[in-house]
Amino acid sequence: MSSKLQVLSLYRLLIRESKKFPSYNFRNYALRRIRDSFKENKSLTDQIQIKQQINKGYDNLEIIKRQVLIGNLYKTDKLVIENVNFKT
Numbered sequence: 039m040s041s042k043l044q045v046l047s048l049y050r051l052l053i054r055e056s057k058k059f060p061s062y063n064f065r066n067y068a069l070r071r072i073r074d075s076f077k078e079n080k081s082l083t084d085q086i087q088i089k090q091q092i093n094k095g096y097d098n099l100e101i102i103k104r105q106v107l108i109g110n111l112y113k114t115d116k117l118v119i120e121n122v123n124f125k126t
């Protein structure tokens, strides 16, 4: 698989898994960090650095999966902001 497709696949996996966080704050923090990290590394051209970042991303994916599992074991009530329906 080309590195471009691999990066896109990793990005989608990270976003998809982060959306499973039961906690609003953790969910939004993870999503923001993922987007910021990918934007920051968008201009990388060195294949070694790209491969290192991909490996780091897969390590972070495993951490996110583990944290989602832990979050589901110890659920809390939803925050007020999560219960608001915005009308635009």
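Numbered per the working numbering, the sequence shown spans residues 39 to 126.
Glycine included, every Cβ here is placed at the ideal spot set by N, Cα and C.
Less than 7 angstroms between C-beta atoms, sequence neighbours within five positions excluded: which residues of the same chain meet that for Phe59?
By one-based count along the sequence shown, residue 59 stands at place 21. Taken in chain order, the residues that qualify are Arg65, Ala68, Val106 and Gly109.
Can you find the residues in the same chain that come closer than 8 angstroms, C-beta to C-beta, to Leu51, ignoring five residues on each side of it along the sequence?
Reading the sequence shown from its first residue, position 13 is the one you call residue 51. Only Leu99 meet the Cβ criterion.
Am I right that Glu55 and Lys113 are in contact with their C-beta atoms under 8 angstroms? What's the rounded C-beta distance?
Position 17 of the sequence shown, counting from 1, holds the residue named residue 55. Position 75 of the sequence shown, counting from 1, holds the residue named residue 113. Between Lys113 and Glu55 the Cβ distance is about 17 angstroms, and since that is not below 8 angstroms, they are no contact.
If you draw a straight line from the C-alpha of Lys116 to the C-alpha of Ile88, how long is it?
Taking the first residue of the sequence shown as 1, we reach residue 116 at position 78. Taking the first residue of the sequence shown as 1, we reach residue 88 at position 50. One C-alpha to the other measures close to 38 angstroms.
On the three-state DSSP scale, how would you describe Phe59?
Your numbering for residue 59 matches position 21 in the sequence shown. Of the three classes helix, strand and coil, the one that applies to Phe59 here is coil, per DSSP.
Mind checking which residues open and close the alpha helix (DSSP H) that includes Asp97?
For the purposes of this step, residue 97 is taken as residue 59 along the sequence shown, with counting starting at 1. Residues Gln85 to Leu111.
Which residue from Ser61, Val45 and Asp84 puts its Cα closest to that of Val118?
Along the sequence shown, one-based indexing puts residue 118 at 80. Nearest option by C-alpha distance: Ser61.
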